[in-house]
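A.B. asks: Heads up: the sequence shown begins at -11 in my numbering, then just goes up one per residue. In this text, a Cβ means the ideal position worked out from N, Cα and C, and glycines have one as well.
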Amino acid sequence: MVEFCPECSNLLRKKRESGKTYLACKCGYQKEIETDTDQIKKTIQNKKDALDNNLIVVTDDDKISIHLKTAKFCPKCGHKEAETWQSQTRSADEPSTTFFRCVKCKYTWREY
Ligand SMILES: [Zn+2]
Ligand SMILES: [Zn+2]
């Protein structure tokens, strides 16, 4: 995406500041733009609604992961609902690790 400054016609550059993305110009002009992250969040939000709240979207700056809510017994507090997600494995022959996090006490554990 290429945009030019309406003030001086110079090329605007993307910059990130406190979680927001701006198009900024040397002359001081800047405008906030919607980041791709926001777009992805919205897409996930729609899916989330469709799946009746069984997905938990975790955002960490630009990284977005989707956790699935599942019925799982927490070994720490005994709560019966946990988030679950799988780790990314580097090679195909490594078994993937499934993580669980209690929605109540946030205790995290994993199963192989
Ligand atoms: Zn300018
Ligand atoms: Zn717990």
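Can you give the beta carbon distance from I21 to Y10, rounded, assuming they're within the 8 Å contact cut?
C.D. replies: Working through the sequence shown from its first residue, we reach residue 21 at position 33. Working through the sequence shown from its first residue, we reach residue 10 at position 22. 7 Å between Cβ atoms; contact.
A.B. asks: If I follow the unbroken beta strand (DSSP E) through E20, where does it start and stop?
C.D. replies: Here the question's residue 20 lines up with position 32 in the sequence shown. E20 -> beta strand (DSSP E) spans Q18 to I21.
A.B. asks: Does at least one heavy atom of ligand 1 sit under 6 Å from the Cβ of E(-5)?
C.D. replies: As a position in the sequence shown, residue -5 is number 7, starting the count at 1. E(-5) Cβ: within cutoff of ligand 1.
A.B. asks: CB K60 to CB F87, shorter than 7 Å?
C.D. replies: Residue numbering aside, residue 60 sits at position 72 when the sequence shown is read from its first letter. Residue numbering aside, residue 87 sits at position 99 when the sequence shown is read from its first letter. No, these two residues do not count as a Cβ contact at 7 Å.
A.B. asks: In chain order, what residues of the same chain lie with their CB nearer than 8 Å to the CB of R1, ignoring the 5 residues before and after it?
C.D. replies: For the purposes of this step, residue 1 is taken as residue 13 along the sequence shown, with counting starting at 1. Once the five neighbours on either side are set aside, the close Cβ partners of R1 are L11, A12 and C13.
A.B. asks: According to DSSP, I44 sits in a beta bridge with which residue or residues?
C.D. replies: Here residue 44 refers to the residue found at position 56 when the sequence shown is read from its first residue. Answer is H55.
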